[in-house]
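J.: Here the sequence shown stands for residues 156 to 297, numbered as in our numbering. I am attaching a structure below and will ask some questions about it afterwards.
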Amino acid sequence: MSQSYNRGLIEDFGRWKEFSAGMWAWIFHKFTGWMLIGYLFTHIAVLSTAIGAAAGDPTLIQQETDVYTTTIQGLESLFIVRVLEVGLLAVAVFHILNGLRLLMVDLGIGLSAQDKSFYASLVLTGVITVASVPTFMHGVGF
């Protein structure tokens, strides 16, 4: 005889249309945090394998540096890589702005305007991201 547990509204994600701005801010903050952690580990793994141990030999170091530089230049010339960089910027900017918003709320500043500050962080993220697109896309062959 197992006893069922009523999880109630806490885990009922079928009601996502009824989420408040605070819930969306929490979801986006967690999502962007996990995206940044995933990027960090991927970045470390790629960079650690891009240049192997050269054992102090200057010719091996130069050869590996040339391979690394050529690889990075090749990646930077791809349109999809530039689009992903813009996405990374958007994720990082939102996470930073929302983190500052949460810090202010924890300090008791702006408690009554949490929804407005969340929307402001979304708008500011959009503005910064859109304004940076020409810089990221400069020099990319379509």
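Even for Gly, the Cβ is constructed at its ideal location relative to N, Cα and C. Every value quoted in this text rests on a predicted model; they were computed, and no experiment measured them.
Over what stretch of residues does the alpha helix (DSSP H) that includes G242 continue unbroken?
T.: Counting from 1 along the sequence shown, the entry for residue 242 is found at position 87. For G242, the enclosing alpha helix (DSSP H) begins and ends at F234 to D261.
J.: Distance, Cα to Cα, T225 vs A275?
T.: In the sequence shown, residue 225 corresponds to position 70, counting from 1. In the sequence shown, residue 275 corresponds to position 120, counting from 1. Each residue's alpha carbon lies about 41 Å from the other.
J.: So, for R256: in the same chain, excluding its five sequence neighbours on each side, which residues have a beta-carbon less than 7 Å away from its beta-carbon?
T.: On the sequence shown, residue 256 is found 101 positions in, with the first residue counted as 1. The residues are S272, F273 and S276.
J.: Could you check which residue in T220, H250 and A176 has the C-alpha nearest to that of W189?
T.: As a first step, residue 189 is located in the sequence shown; it is residue number 34 there, counting from the start. Relative to the Cα of W189, the nearest Cα in the group T220, H250 and A176 belongs to H250.
J.: Near V248, what residues of its chain come up, given a Cβ to Cβ distance below 6 Å and the 5 sequence neighbours on each side ignored?
T.: Locating residue 248 in the sequence shown gives position 93, counting from the first residue. The answer, listed in chain order, is T280 and I283.
J.: Just the Cα atoms here: how many angstroms apart are G229 and V238?
T.: Indexing the sequence shown from 1 puts residue 229 at position 74. Indexing the sequence shown from 1 puts residue 238 at position 83. Near 15 Å, if we compare the C-alpha coordinates of V238 and G229.
J.: Counting only the same chain and skipping the five closest in sequence on each side, list residues whose C-beta sits under 7 Å from that of V260.
T.: The count along the sequence shown starts at 1 and reaches residue 260 at position 105. L266 and Q269, listed in sequence order.
J.: Can you give the Cα-Cα distance for W181 and L243, rounded to whole angstroms?
T.: Position 26 of the sequence shown, counted from the first residue, corresponds to residue 181. Position 88 of the sequence shown, counted from the first residue, corresponds to residue 243. When only Cα atoms are considered, W181 and L243 end up about 19 Å apart.
J.: By a C-beta neighbour count over all protein chains shown, 10 Å radius and 16 as the cutoff for buried, is L252 buried or exposed?
T.: Reading the sequence shown from its first residue, position 97 is the one you call residue 252. Flag for L252 reads buried.
J.: State the Cα-Cα distance for the pair G263 and A176, rounded to the nearest angstrom.
T.: Position 108 of the sequence shown, counted from the first residue, corresponds to residue 263. Position 21 of the sequence shown, counted from the first residue, corresponds to residue 176. When rounded, the distance between both Cα atoms is 18 Å.
J.: Roughly how far, in whole angstroms, is the beta-carbon of T187 from the beta-carbon of V246, given that I think they are within contact range, below 8 Å?
T.: The residue given as residue 187 occupies position 32 in the sequence shown. The residue given as residue 246 occupies position 91 in the sequence shown. Sure, about 5 Å apart at Cβ, within 8 Å.
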